[in-house]
Amino acid sequence: MSAFRLARTATAVLLAVSGAALAAGPADAATPAAARASAHHYGHSYDGGVWGGYVAQGSGFRSVSGSWTMPQVQCNTANDLFAPWVGIDGYGSQTVEQTGVQVDCSSGSPVYSGWYEMYPAPPQYFNDPVDAGDSFTAGVVANGGGSYTLTLTDTTKGWTETTRQRLNAQNVSAEAVIESPSQSYPSFTSLDFSGITVNGRSFDAYSPQAIDSGQYTETALQNGAFSIVPAS
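Going left to right, the sequence shown walks through residues 10 to 241 as my numbering numbers them.
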């Protein structure tokens, strides 16, 4: 969106999440080395190189969840950066409540880390191990009254992070997407989303629209599943 400003400043220091947070896991304030080097803001720009995947619009989105496996990536430049995530809002609103996994190439090699973000606040990184090939399940639940529960589980390594946050948001969209705040994706062969549900129903029921990232495109959505593949 036009209001979104990409933020990737090499000397930026990640800020703490607002004191409005109700409760957070012990790793929520941790920032891996790659994260400390830059502020990677996700969430609010899409189409033409930033978001890729599927977005449903409407009202009353109370929950979204889905799974994926992190691919092995090849860093082409130090600016390469991307993340698959699920979330509420961001398409037609000024906030995003989201969680996912980041791949950062600023060190010259891919560095994987889990995170959540209550945009426009900066992302917060989990200090749990993440590797290519790990399978993840993620979810965002709107509890009402501006309260949200965000959960990220690495089913391969067996860890789960859950945090409860507050934000004055509209709940007008739900998405399962990949995103590159730097508009520079590393190379990978495929990333498969599966089991995507919204408000407890299959994602398909909400007729979500496809959004191409430019470098990658998405296959047809079928029973809450689709793949992100290189654009031909």
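Glycine residues also receive a C-beta, built at the ideal position from the N, C-alpha and C atoms.
This one's a predicted model, so the numbers in the text were calculated from it and none came from an experiment.
Pull up the CB-CB distance for residue i and residue j, whole angstroms please, since I reckon it's below 8 Å.
{"i": "residue 147", "j": "residue 94", "result": "7 Å"}
{"i": "residue 74", "j": "residue 206", "result": "5 Å"}
{"i": "residue 235", "j": "residue 202", "result": "6 Å"}
{"i": "residue 72", "j": "residue 204", "result": "Not quite, the Cβ-Cβ distance comes to about 13 Å (not below 8 Å), so this is no contact."}
{"i": "residue 70", "j": "residue 189", "result": "That pair is no contact at about 24 Å."}
{"i": "residue 63", "j": "residue 200", "result": "13 Å between Cβ atoms; not a contact."}
{"i": "residue 98", "j": "residue 185", "result": "Contact flag wrong, Cβ pair sits at about 14 Å."}
{"i": "residue 51", "j": "residue 126", "result": "5 Å"}
List the endpoints of the continuous beta strand (DSSP E) containing residue i.
{"i": "residue 219", "result": "218–220"}
{"i": "residue 200", "result": "200–207"}
{"i": "residue 93", "result": "90–97"}
{"i": "residue 235", "result": "235–239"}
{"i": "residue 109", "result": "105–113"}
{"i": "residue 64", "result": "60–66"}
{"i": "residue 75", "result": "72–78"}
{"i": "residue 226", "result": "225–227"}
Would you list the residues sitting across from residue i in a DSSP beta bridge?
{"i": "residue 133", "result": "125"}
{"i": "residue 186", "result": "62, 94"}
Assess, as a yes-or-no matter, whether the region 203–221 is touched by the region 118–131 under the definition of 3 or more beta carbon pairs within less than 8 Å. No contact exists between the region 118–131 and the region 203–221.
Would the region 143–158 and the region 167–181 be scored as touching if the rule is three or more Cβ pairs under 8 Å? Touching, yes, given that three or more Cβ pairs across the two stretches are closer than 8 Å.
If you scan the region 145–178 from start to end, which runs of the alpha helix (DSSP H) of 4 or more residues do you find wholly inside it? Runs of the alpha helix (DSSP H) inside the region 145–178: none found.
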